[in-house]
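Numbering (full-length UniProt numbering), first residue to last: 1 to 354.
What follows is the structure, encoded as structure tokens:
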């Protein structure tokens with residue numbers, strides 16, 4: 001009798017299907033590049049960014065953004081902001097006076113001047129500049145080549161004259177809607193022999209337009225100062241000036257390198273045939289009745305309805321006031337630490353553990 005195997009206690013498990021070779025190959029592949037990039041970004045140490053690359057980034061920021069933001073991120077960034085003078089060679093603080101308190105923005109200006117370490121070449125600002133700050137800049141930035149002051153009513157003739165005498169390298173000077181008058185142009189020309197671009201802009205008011213023909217409403221003092229002391233001028237802007245044909249003729253006779261002349265809203269000027277002939281050599285010429293639509297500070301000008309060839313241009317909410325942004329609420333807790341007699345706006349001087 002033949003022995004037969006006992007029946008199995010359970011059915012045998014079905015054989016597993018073979019793993020496709022394509023899946024086997026995929027399992028051995030490295031993770032996708034996108035996953036690696038994400039991991040790399042998450043692990044990046046921004047403090048180790050090369051200084052030249054970081055300086056290029058900082059170069060896109062304004063003074064306030066560096067002093068109160070990027071320059072405080074970490075030790076390496078603070079060190080660069082405090083020790084790299086190239087970041088402070090050209091300082092544009094226009095409109096900062098509209099966003100911050102005067103003491104705050106003046107402290108930042110002093111800090112910028114100090115960090116430039118004598119290499120500052122351009123300083124542009126408005127509203128908040130005073131005689132003291134201008135003196136501070138002139139004493140510590142002797143190589144300054146460009147200076148722009150707008151709406152700086154706290155700068156006096158005497159304070160300006162003192163500061164400008166210490167800036168012999170100036171090539172560009174823009175003084176717009178400040179309170180300077182009289183022999184200021186003569187002072188500038190004698191102190192700055194290399195001046196090539198000069199702007200002295202004033203407001204021509206409706207009152208002036210109605211009474212310009214009366215004594216005292218025309219004045220060639222500034223024009224004659226320009227003619228006698230600025231022979232190297234290439235560009236001249238005198239918006240709203242009280243000069244007459246005599247003053248303009250003197251400028252044209254003595255400033256032989258002049259290529260650009262802007263005398264918009266200079267309504268004492270009569271463009272007769274003689275004057276037109278004299279101005280013919282000027283490549284870029286803007287005449288008294290030309291539009292001021294491209295003038296940066298046109299929002300502050302009250303044009304004369306009687307004399308202006310354009311519409312009545314009073315728009316106090318124009319481009320100038322659009323600079324206010326959503327992130328303009330800078331607040332400095334250490335403002336009380338600022339000492340007006342201090343040497344450098346100490347509220348922005350940090351101790352660096354280098």
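We put the beta carbon where it would ideally sit given N, CA and C, even for glycine.
Next item on the list: State the beta-bridge partners of residue 93 as determined by DSSP.
Entry: For the purposes of this step, residue 93 is taken as the residue at position 93 of the chain shown. The secondary-structure analysis by DSSP pairs residue 93 across a beta bridge with 125.
Next item on the list: My understanding is that residue 169 touches residue 194, with C-beta atoms under 8 Å, so please give their C-beta distance in whole angstroms.
Entry: Locating residue 169 in the chain shown gives position 169, where the first residue counts as 1. Locating residue 194 in the chain shown gives position 194, where the first residue counts as 1. Your pair residue 169 and residue 194 checks out as a contact, with CB atoms roughly 6 Å apart and the cut at 8 Å.
Notebook entry, point to check: Anyone know if the C-beta pair for residue 251 and residue 223 falls short of 8 Å?
Noted result: Within the chain shown, residue 251 is the residue found at index 251, counting from 1. Within the chain shown, residue 223 is the residue found at index 223, counting from 1. Cβ distance < 8 Å, so residue 251 and residue 223 count as in contact.
Checklist line | Segment contact, 8 Å Cβ cut-off, at least three pairs: the stretch 253–267 with the stretch 114–122 | finding: As far as the Cβ criterion goes, the stretch 253–267 does not touch the stretch 114–122, which means the pair count is below three.
Check: If you count every other CB in all the chains shown that lies within 10 Å of the CB of residue 106, and 16 or more means buried, which is it?
Finding: Your numbering for residue 106 matches position 106 in the chain shown. Around the beta carbon of residue 106, a 10 Å sphere encloses 16 or more other beta carbons of the protein chains shown; the residue is thus reported as buried.
Next item on the list: Taking residue 275 as the reference, give the member of 113, 244 and 66 with the closest Cα.
Entry: Sequence index remark: in the chain shown, residue 275 carries index 275 (1-based). Selected option, being the one with the closest Cα: 244.
Item checked: Boundaries of the alpha helix (DSSP H) in which residue 281 is found, first to last residue -> Residue numbering aside, residue 281 sits at position 281 when the chain shown is read from its first letter. Taken as a continuous stretch (DSSP letters only), residue 281 belongs to no alpha helix (DSSP H), as it is neither H nor E.
Item checked: 8 Å contact criterion, which residue 163 and residue 146 should meet: CB distance rounded -> The sequence position of residue 163 within the chain shown is 163, counting from 1. The sequence position of residue 146 within the chain shown is 146, counting from 1. About 14 Å separates the beta carbons of residue 163 and residue 146, which is beyond the 8 Å limit, so they are not a contact pair.
Check: Which class does residue 257 belong to by DSSP, given the choice of helix, strand or coil?
Finding: Working through the chain shown from its first residue, we reach residue 257 at position 257. When secondary structure is reduced to three states using DSSP, residue 257 falls in the coil class, being assigned neither helix nor strand.
Check: Helix, strand or coil for residue 187 per DSSP?
Finding: Along the chain shown, one-based indexing puts residue 187 at 187. Residue 187 sits in a helix when the DSSP states are folded into three classes.
Notebook entry, point to check: Which residues in the same chain as residue 152 place their Cβ atom closer than 6 Å to its Cβ, once the five residues preceding and following it in sequence are excluded?
Noted result: One-based indexing of the chain shown puts residue 152 at position 152. Sequence-distant Cβ neighbours of residue 152 in its own chain, meaning closer than 6 Å and more than five residues away, are 129 and 178.
Note to self: By the DSSP assignment, the alpha helix (DSSP H) with residue 157 in it spans what residues?
What the structure shows: What you label residue 157 is simply residue 157 of the chain shown in a count that begins at 1. Taken as a continuous stretch (DSSP letters only), the alpha helix (DSSP H) holding residue 157 covers 157–164.
Notebook entry, point to check: Roughly how many angstroms lie between the CA atoms of residue 196 and residue 148, to the nearest whole one?
Noted result: Walking along the chain shown from the start, residue 196 turns up at place 196. Walking along the chain shown from the start, residue 148 turns up at place 148. Going by the C-alpha atoms only, they are around 14 Å apart.
Item checked: Between the CA atoms of residue 199 and residue 320 - distance to the nearest angstrom -> Locating residue 320 in the chain shown gives position 320, counting from the first residue. Locating residue 199 in the chain shown gives position 199, counting from the first residue. Only weak support exists for where residue 320 lies, its pLDDT of 42 falling under 50; the value from the coordinates is given anyway. Take the alpha-carbon of residue 320 and the one of residue 199: they are about 18 Å apart.
Item checked: residue 124 versus residue 112: straight-line alpha-carbon distance, rounded -> Counting from 1 along the chain shown, the entry for residue 124 is found at position 124. Counting from 1 along the chain shown, the entry for residue 112 is found at position 112. Per the coordinates, the alpha-carbon of residue 124 lies some 12 Å from the alpha-carbon of residue 112.
Check: From residue 186 to residue 229, what does the alpha carbon distance come to, in whole angstroms?
Finding: Your numbering for residue 186 matches position 186 in the chain shown. Your numbering for residue 229 matches position 229 in the chain shown. Distance between residue 186 and residue 229, taken at the CA atoms: about 6 Å.
Notebook entry, point to check: Apart from the five residues on each side of it in sequence, which residues of its chain come closer than 6 Å, Cβ to Cβ, to residue 22?
Noted result: Sequence index remark: in the chain shown, residue 22 carries index 22 (1-based). Residue confidence for residue 22 is low, a pLDDT of 45 falling below 50, so the modelled location carries little weight; the figure read from the coordinates is stated next. Around residue 22: no qualifying Cβ.
Item checked: Spatial distance of residue 300 from residue 292 (CA atoms) -> The residue given as residue 300 occupies position 300 in the chain shown. The residue given as residue 292 occupies position 292 in the chain shown. Per the coordinates, the alpha-carbon of residue 300 lies some 11 Å from the alpha-carbon of residue 292.
Checklist line | Own chain residues within Cβ distance below 8 Å of residue 155, not counting five before or after | finding: Locating residue 155 in the chain shown gives position 155, where the first residue counts as 1. These residues qualify, in order along the chain: 129, 130, 131, 134, 149, 178, 179 and 180.
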